[in-house]
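Engineer: Numbers in this note's numbering are just positions in the sequence shown, counted from 1, shifted up by 23.
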Amino acid sequence: MGDFFERIVDLEVSAADAGAAAERMLEWMAARGWVLRETSAEGVYTRGVTEGFVAGPAGAEIADDWGADWISGPVAVVLGRRAHHPGQGEVEPSGAVCPSCRATTVIIDYPQAWEADPVVWQPFSEAVEEWERTGAGAVRCGRCATVSPVTDWAWTDGYALGALSFDFWGWPPLSDAFVAEFVARLGHRIEHHSGKA
Ligand SMILES: [Zn+2]
Numbered sequence: 024m025g026d027f028f029e030r031i032v033d034l035e036v037s038a039a040d041a042g043a044a045a046e047r048m049l050e051w052m053a054a055r056g057w058v059l060r061e062t063s064a065e066g067v068y069t070r071g072v073t074e075g076f077v078a079g080p081a082g083a084e085i086a087d088d089w090g091a092d093w094i095s096g097p098v099a100v101v102l103g104r105r106a107h108h109p110g111q112g113e114v115e116p117s118g119a120v121c122p123s124c125r126a127t128t129v130i131i132d133y134p135q136a137w138e139a140d141p142v143v144w145q146p147f148s149e150a151v152e153e154w155e156r157t158g159a160g161a162v163r164c165g166r167c168a169t170v171s172p173v174t175d176w177a178w179t180d181g182y183a184l185g186a187l188s189f190d191f192w193g194w195p196p197l198s199d200a201f202v203a204e205f206v207a208r209l210g211h212r213i214e215h216h217s218g219k220a
């Protein structure tokens, strides 16, 4: 077991519907033996979540083969609106794509810069905070001036806003077939992170 994670973020579910969606997905995964209903706190590093569902006997069916001795950790269900970062730390996305004109606003100008331009990032970060608090936040595009919900913007680097995620702690990379079936059952767009915390 390690601090690797595989994460699936639901980009569309509302905070009000997230609990029911999580339960539906857990029921399916437990029925297949991929997770158990038993919970454990060991190896769970999700902020604000203390435990996850223990990997089931058939868990190896849905992930790469890291050998018979590999023991995957718990699957934490993360409820509530938050920004999900793909890796270590909480690095801002390097760019945001306007849903209206598709222009990319550069937030971190790699490799000239390694941190977010504070002036560029501020309206986005304020909109994210507003969305986390109230469920709605908007940003005006610097190119086309259209004001769009912050959740309609697309992001570089895997940055994801969502009210539900599944954090598979210490799991090998999830198989494409599993992720595809997960998405079909969830019925929403997702972001998939493979990272190390
Ligand atoms: Zn625009």
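Quick reminder that beta carbons are idealized off the backbone N, C-alpha and C, glycines included.
Just so we're clear, the structure is a prediction, and the values are computed from it rather than from any experiment.
Give a yes or no on whether the C-beta atoms belonging to W89 and P195 are separated by under 8 Å.
Structural biologist: yes
Engineer: In angstroms with no decimal places, state the Cα-to-Cα distance between M24 and Y68.
Structural biologist: In this prediction, M24 scores a pLDDT of 44, lower than 50, which makes its location untrustworthy; no coordinate-derived value is stated.
Engineer: In the DSSP output, what is S95 paired with across the bridge?
Structural biologist: S95 is not bridged to any residue.
Engineer: Compute the distance between the beta-carbons of G96 and E74, then report whether it is under 8 Å.
Structural biologist: no
Engineer: In this structure, what does DSSP give as the bridge partners for V170?
Structural biologist: Looking at the DSSP assignment, V170 forms a beta bridge with R163.
Engineer: Suppose the cutoff is 8 Å on Cβ atoms and the five residues either side in sequence are ignored; what does the same chain contact list for E61 look like?
Structural biologist: F76 and V77
Engineer: Taking DSSP as the reference, what is the three-state secondary structure of R55?
Structural biologist: coil
Engineer: Going by DSSP, name the residue or residues bridged to T69.
Structural biologist: Paired residue(s): none; T69 is not in a bridge.
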